[in-house]
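Encoded as structure tokens, the structure appears first; notes follow it.
Protein chains: 4
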Amino acid sequence: MNKTRLEAFSDGVFAIVITLLVLDIRPDLPGGTGWAMFVHAGPKILIYALSFILVGLYWVSHHNMLHFVEHTDRLFLWLNLLLLLVVAFIPYPAALLSSTHADTGSLCIYVATLSLANLLGAAVWFHATKGHRLVSNRIPPDFVKFVYVIHLAPVGVYLLAGLLAWQFREASLFLVALVPGFYVLPNPFIDRRVRAAHAAIKTSQTHGQQR
Amino acid sequence: MNKTRLEAFSDGVFAIVITLLVLDIRPDLPGGTGWAMFVHAGPKILIYALSFILVGLYWVSHHNMLHFVEHTDRLFLWLNLLLLLVVAFIPYPAALLSSTHADTGSLCIYVATLSLANLLGAAVWFHATKGHRLVSNRIPPDFVKFVYVIHLAPVGVYLLAGLLAWQFREASLFLVALVPGFYVLPNPFIDRRVRAAHAAIKTSQTHGQQR
Amino acid sequence: MNKTRLEAFSDGVFAIVITLLVLDIRPDLPGGTGWAMFVHAGPKILIYALSFILVGLYWVSHHNMLHFVEHTDRLFLWLNLLLLLVVAFIPYPAALLSSTHADTGSLCIYVATLSLANLLGAAVWFHATKGHRLVSNRIPPDFVKFVYVIHLAPVGVYLLAGLLAWQFREASLFLVALVPGFYVLPNPFIDRRVRAAHAAIKTSQTHGQQR
Amino acid sequence: MNKTRLEAFSDGVFAIVITLLVLDIRPDLPGGTGWAMFVHAGPKILIYALSFILVGLYWVSHHNMLHFVEHTDRLFLWLNLLLLLVVAFIPYPAALLSSTHADTGSLCIYVATLSLANLLGAAVWFHATKGHRLVSNRIPPDFVKFVYVIHLAPVGVYLLAGLLAWQFREASLFLVALVPGFYVLPNPFIDRRVRAAHAAIKTSQTHGQQR
Chain A
52 MNKTRLEAFS DGVFAIVITL LVLDIRPDLP GGTGWAMFVH AGPKILIYAL SFILVGLYWV
112 SHHNMLHFVE HTDRLFLWLN LLLLLVVAFI PYPAALLSST HADTGSLCIY VATLSLANLL
172 GAAVWFHATK GHRLVSNRIP PDFVKFVYVI HLAPVGVYLL AGLLAWQFRE ASLFLVALVP
232 GFYVLPNPFI DRRVRAAHAA IKTSQTHGQQ R
Chain B
52 MNKTRLEAFS DGVFAIVITL LVLDIRPDLP GGTGWAMFVH AGPKILIYAL SFILVGLYWV
112 SHHNMLHFVE HTDRLFLWLN LLLLLVVAFI PYPAALLSST HADTGSLCIY VATLSLANLL
172 GAAVWFHATK GHRLVSNRIP PDFVKFVYVI HLAPVGVYLL AGLLAWQFRE ASLFLVALVP
232 GFYVLPNPFI DRRVRAAHAA IKTSQTHGQQ R
Chain C
52 MNKTRLEAFS DGVFAIVITL LVLDIRPDLP GGTGWAMFVH AGPKILIYAL SFILVGLYWV
112 SHHNMLHFVE HTDRLFLWLN LLLLLVVAFI PYPAALLSST HADTGSLCIY VATLSLANLL
172 GAAVWFHATK GHRLVSNRIP PDFVKFVYVI HLAPVGVYLL AGLLAWQFRE ASLFLVALVP
232 GFYVLPNPFI DRRVRAAHAA IKTSQTHGQQ R
Chain D
52 MNKTRLEAFS DGVFAIVITL LVLDIRPDLP GGTGWAMFVH AGPKILIYAL SFILVGLYWV
112 SHHNMLHFVE HTDRLFLWLN LLLLLVVAFI PYPAALLSST HADTGSLCIY VATLSLANLL
172 GAAVWFHATK GHRLVSNRIP PDFVKFVYVI HLAPVGVYLL AGLLAWQFRE ASLFLVALVP
232 GFYVLPNPFI DRRVRAAHAA IKTSQTHGQQ R
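Protein chains in written order, with our numbering: chain A, 52 to 262; chain B, 52 to 262; chain C, 52 to 262; chain D, 52 to 262.
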């Protein structure tokens, strides 16, 4: 399995998951007006938007991680499929969240699913970088560690959100919504390191496609 | 994130959204004949066709816009994802429209969603062209302005349709249906400018793929 | 819009439509055993298989047709989108067919949808080949006509199936199922002409990708 | 139909099927808490995970098989579409399995569907390799046989699982779950032969894309 095809397949799954999320929002107030149904669907729409951004974030992270991977092997392939299994599962906890009005259980299951996806992202990275198995020797060790931080820091936030869910459900959901903010907004903390790592591996790459 | 992958992902989302629209039309008249169900589904089919053409239009506009973009950055990526979030949302207002027989509220929500997609398209363009950040220096300033017109003119039409929706619902829907007509039919007003812009950037491009 | 991207988008739509067809088959006999539900779903499964093959056929025809197209223009793009609109609509008449146990009305609507797709395929070909607008000058005139036959002959069969549907519904469905057989099985009538046309345009092509 | 496009289309179908599987899990305990719904959905989630891995396995097998295919012809195309028809059908037996709590009938239908997909995989391989029709002459005859083993050995396991389903339903499902284990885990039995075959055809390939 070459990397290009694995990436294309993964991108396909990300694109489908992100687009299926909308299927959870249906006009389900028989006889209601458009306005009434829309107001009724409000919380579902917010959860749609949050989940869309989170899946988008997994897509971007996945892309950034695979940029540094030069080969693949069987275990990499299946760890990646396991990661996709969890990401493709997200529509269910999202639907659970919206159908229970974000009760404690559904919040915990939502953040547990997200945490699992992050842990699997870290496992993929571990497998690829351990002994420079599938990555260039030129990747700075600092950057290897930094990608772990990127993957694992949100797990801490999700854990906290899971604890908050038992008492302050709105705060819990708000905390989850902060995670993409950290990655979406311009962030010199991240950008500087990514640029340095890109520069480090550049000389070992010959084809311009991986700019 | 290189542009090719961002484009492929966006195309995937457009293709999925456009194909999911049909899921709103179900044979839902238990015991009815095929003819009866089809007649009953008539308005849904019209809304399917309209929404299909509109999403197709967003896809074409997106492609045309990205043709002129040479680099991407983080904000571009996320503005683009936000645009996809709104486009991927279209199946909901479309379903709302058909389940309320296009009442005032659902019409307003439909045109508001479309307007938001257009505004985000303009925002993506603004970010890319401001100070020639992500586009070639050779793009004629007139063309930069013209793309804003392309994105923002429909917003005016949608606004008018939203106002009409309070009194003349059929006219409102008809007005929305006129928008793709303007872009689908041969249109020297558009074509001349696009051709000029293509010619202007051609010399700055070396690879033939972006013909 | 270059041809490669238009093809990739079209392929995406074909792949999604063909895969969505299965969503019409649900285990819908509450409390029934697996065997009972499966037997109950039998007709739906046959209609799934037939529709899958038919959409597959549209995909193959589309690919074969686009092979000879060298440029695209605005009208080509939108005729192609209109063709996709009809192909993406197929899950609805397929669901109608299975939910009414293939009554006269649903059979007529099914074959009308298929006919429309074929007519639009012919329209795309007409626009591309008229005055060699978007195709090579080397395409043999005989082949141009032959592609019309390929697109339009099934319309005749579908018309006949539509007439049969008023009296002999099983025969009508069987007739529709014969159409893919004609194209799927080895067919010297078709193959010889396609090979000749490929040979004719070969010298006018420089890039090996379009083998 | 060149191989690249056939592969891209097949990958699209695999990616969509694998992602649609989640649609079977819905929050369907009105008024229940998130925890209660999640526990209730437990078996469905297990079946989702199993089916995801199995479809993933078909994708990987398909990729590995097509790696050795150098040309395509009409029959190859349609055998491949038939294989996709069966793979795209998997969401139905998976839904049947979860809606009947894996009763005997649904287990038999599930393994029969999987067996059919494997048999069609073998048929595709037979068509491609018979008289080296679509593959390189350099493929070792041993490897040709080995790919049959890969495709057909699971059919034996599925047959056994089908028999077990009449008496020991959990054991039957467990046996099915063992199949991916054999392919997912590092497996020198497989890896050695694949490597040898790759090495054998390498000299006959000129373009580096098919590494």
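Heads up, the beta-carbon is just placed ideally off N, CA and C, and yes, glycines get one too. Nothing here was measured: the structure is a model prediction, and the numbers come from that model.
Best match in F103/B, L211/B and R184/B for proximity to A145/B [C-alpha to C-alpha] | Comparing Cα positions, the closest option is F103/B.
What's the C-alpha gap between V64/D and G156/A?
-> 34 Å
Local Cβ density within 10 Å of D79/C, reported as buried at 16 or more and exposed below that | exposed
With 8 Å as the threshold, decide whether the Cβ of I98/D is near any Cβ in chain C.
-> It does not: the Cβ of I98/D has no partner Cβ on chain C nearer than 8 Å.
Sorted by chain position, which residues of the same chain lie with C-beta nearer than 8 Å to H113/A's C-beta, five sequence neighbours on each side aside?
-> Excluding sequence positions up to five before and after H113/A, its CB lies within less than 8 Å of the CB of S61, F65, L134 and G172, all in the same chain and listed in chain order.
List, in order along the chain, the chain B residues whose C-beta lies closer than 7 Å to that of W86/A?
-> G156
Following the continuous alpha helix (DSSP H) through A173/B, name the residue where it begins and the one where it ends.
-> It spans T155 to T180 - the alpha helix (DSSP H) in which A173/B sits, taken as one unbroken run.
Residue from P205/D, L117/D and P94/D whose Cα sits closest to the Cα of K54/D = Considering only alpha carbons, the answer is L117/D.
Spell out the partners DSSP gives V120/D in its beta bridges.
-> V186/D
Assuming L214/A contacts A153/A (C-beta within less than 8 Å), just tell me the rounded distance between them.
-> Cβ atoms of L214/A and A153/A stay farther apart than 8 Å, at about 15 Å.
Residues of its chain near T151/D, where Cβ-Cβ distance is below 8 Å and the 5 sequence neighbours each way are ignored | S157
Neighbourhood of V120/B by C-beta, 8 Å cutoff - its chain only, sequence neighbours within 5 removed | K54, F127, A179, L185 and V186
On the three-state DSSP scale, how would you describe W129/C?
-> Here W129/C sits in helix by DSSP.
Determine, using beta carbons only, whether V137/D and Y99/D come nearer to each other than 8 Å.
-> no
Would a check of beta-carbon distances place M52/C closer than 8 Å to chain B?
-> yes
A66/B touches chain C at which residues, Cβ-Cβ below 7 Å?
-> F60, G63, V64 and I67
Extent of the continuous alpha helix (DSSP H) run through L57/C = K54 to L71
Would you mind telling me which residues of chain A sit closer than 8 Å to P205/D, beta carbon to beta carbon, in chain order?
-> Here the premise fails: no neighbours, minimum Cβ distance about 17 Å.
Cβ pair I252/C, R189/C closer than 8 Å = yes
Between the beta-carbon of N169/D and the beta-carbon of P205/D, is there less than 8 Å?
-> A contact, by the Cβ cut-off of 8 Å.
Could you give the distance in angstroms between the alpha-carbon of G107/D and the alpha-carbon of T70/D?
-> 11 Å
Could you confirm whether any beta carbon from chain C is found closer than 8 Å to the beta carbon of P81/D?
-> no
Span separating the alpha-carbon of L236/C from that of A174/D | 16 Å
Taking C-beta to C-beta, are V227/D and Y209/D nearer than 8 Å?
-> yes
Is the distance from the Cβ of G85/B to the Cβ of I160/C below 8 Å?
-> Yes, the pair counts as a contact, with Cβ atoms nearer than the cut-off.
Where does A216/D fall in DSSP's three states?
-> coil
Positions along the segment 228 to 239 of chain D whose CB lies within less than 7 Å of some CB in chain A = V235 and P237
Please state if the CB of S149/B and the CB of P94/B are separated by a distance shorter than 8 Å.
-> yes
Element boundaries [alpha helix (DSSP H), containing A142/D] | First, the amino acid is wrong: residue 142/D is Pro here, not Ala. That run of the alpha helix (DSSP H) goes P142 to S150.
What's the gap between the Cα of A92/D and the Cα of F219/B?
-> 47 Å
Where V195/C meets chain G, residues with beta-carbon distance less than 7 Å | Absence of chain G from the displayed structure is noted, the protein chains being A, B, C and D.
Presumed contact (8 Å Cβ cut-off) between F194/A and R244/A, rounded CB distance = 6 Å
Three-state class that DSSP yields for P78/B in the structure shown = coil
Terminal residues of the alpha helix (DSSP H) in which P239/B lies = P239 to K253
Of the residues V230/D, P142/D, H122/D and L167/D, which one's Cα is nearest the Cα of H183/D?
-> H122/D
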